[in-house]
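Enquirer: Under the UniProt record's numbering, the residues of the sequence shown are numbered 1 to 127, in order. Provided herewith is a single structure, encoded as structure tokens, for subsequent inquiry.
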Amino acid sequence: MRALVIDDSRTMRRIVAGTLDGLGFETLQAEHGREALDLLEAGEDVQLACIDWNMPVMDGLTFVTEVRANPAWRHITLMMVTTESEHGQIVRALAAGAHEYLIKPFTTDAIRDKLDLLGLVAVEEPA
Numbered sequence: 001m002r003a004l005v006i007d008d009s010r011t012m013r014r015i016v017a018g019t020l021d022g023l024g025f026e027t028l029q030a031e032h033g034r035e036a037l038d039l040l041e042a043g044e045d046v047q048l049a050c051i052d053w054n055m056p057v058m059d060g061l062t063f064v065t066e067v068r069a070n071p072a073w074r075h076i077t078l079m080m081v082t083t084e085s086e087h088g089q090i091v092r093a094l095a096a097g098a099h100e101y102l103i104k105p106f107t108t109d110a111i112r113d114k115l116d117l118l119g120l121v122a123v124e125e126p127a
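This is the structure in structure tokens:
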């Protein structure tokens, strides 16, 4: 499975991509929503996008809205991964079409749990 990590922080992109790589994803990275849309428009096929809210050029909420407006991209699972923790922000993101919302800082287990809820990764059963 392929994932797109969208965050203006190179360090955060590396952390999220590293976590997803460890869970079996092949990852692409974008510095902001416009760059991510350019990748999708160029034909990159991804099943998951992990999106920061606050970015220059195009923020995460605008990216979610743009993706949801294109029927060809309806299959992409969208998960916000952001410091925005106000209830109203979470509601706005979910209403715009995000499937899940993960607040930074997070743990590898937190990402795995969210992806399991979305049916994108199997949680290992304790031995």
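Just so it is clear, CB atoms sit at the ideal spot from N, CA and C, and this is done for glycine as well.
Report the three-state DSSP secondary structure of T83 (helix, strand or coil).
Expert: Working through the sequence shown from its first residue, we reach residue 83 at position 83. It is coil, neither helix nor strand.
Enquirer: Taking the alpha-carbon positions, what's the L120 to A93 distance?
Expert: Walking along the sequence shown from the start, residue 120 turns up at place 120. Walking along the sequence shown from the start, residue 93 turns up at place 93. Taking the straight line from one Cα to the other gives about 20 Å.
Enquirer: Quick check: F25 and A49, are their CB atoms within less than 9 Å of each other?
Expert: Taking the first residue of the sequence shown as position 1, residue 25 is located at position 25. Taking the first residue of the sequence shown as position 1, residue 49 is located at position 49. Their beta carbons are not under 9 Å apart, which means F25 does not touch A49 by this criterion.
Enquirer: Less than 6 Å between C-beta atoms, sequence neighbours within five positions excluded: which residues of the same chain meet that for I90?
Expert: To locate residue 90, count along the sequence shown from 1; it is residue 90. If we look at I90 and ignore the five residues flanking it on each side, its Cβ neighbours are Y101.
Enquirer: Looking only at its chain, what residues have a beta carbon closer than 7 Å to the beta carbon of D109, apart from the 5 residues adjacent to it on each side?
Expert: Position 109 of the sequence shown, counting from 1, holds the residue named residue 109. Counting only Cβ-Cβ distances below 7 Å, and skipping sequence neighbours, we find nothing.
Enquirer: Whose C-beta lies closer than 8 Å to the C-beta of L37 among residues of the same chain, with five residues either side of it excluded?
Expert: Counted from its first residue, the sequence shown places residue 37 at position 37. Cβ within range, chain order: M58, F63, E66, V67.
Enquirer: Alpha helix (DSSP H) containing I111: first to last residue?
Expert: In the sequence shown, the residue the question calls residue 111 occupies position 111. 108-117 is the span of the alpha helix (DSSP H), which, as asked, contains I111.
Enquirer: Mind listing, in chain order, the continuous alpha helix (DSSP H) runs of no fewer than 4 residues lying wholly within the UniProt domain "Response regulatory" (2-119)?
Expert: If we require 4 residues or more, the alpha helix (DSSP H) runs fully inside the UniProt domain "Response regulatory" (2-119) come out as 10-22, 33-41, 60-68, 87-96, 108-117.
Enquirer: Of the residues D7, A96, T83, H87, which one's Cα is nearest the Cα of F106?
Expert: Numbered from its first residue, the sequence shown carries residue 106 at position 106. Of the listed residues, the one whose Cα sits closest to F106 is T83.
Enquirer: Measure the C-alpha to C-alpha separation of V5 and E86 and round it to an integer number of angstroms.
Expert: The residue given as residue 5 occupies position 5 in the sequence shown. The residue given as residue 86 occupies position 86 in the sequence shown. Whole-angstrom Cα-Cα distance: 22 Å.
Enquirer: On the criterion of 16 or more Cβ atoms from any shown chain inside 10 Å, does T19 qualify as buried, or is it exposed?
Expert: Translated into the one-based positions of the sequence shown, residue 19 becomes position 19. By the neighbour-count rule (16 or more Cβ atoms within 10 Å), T19 is buried.
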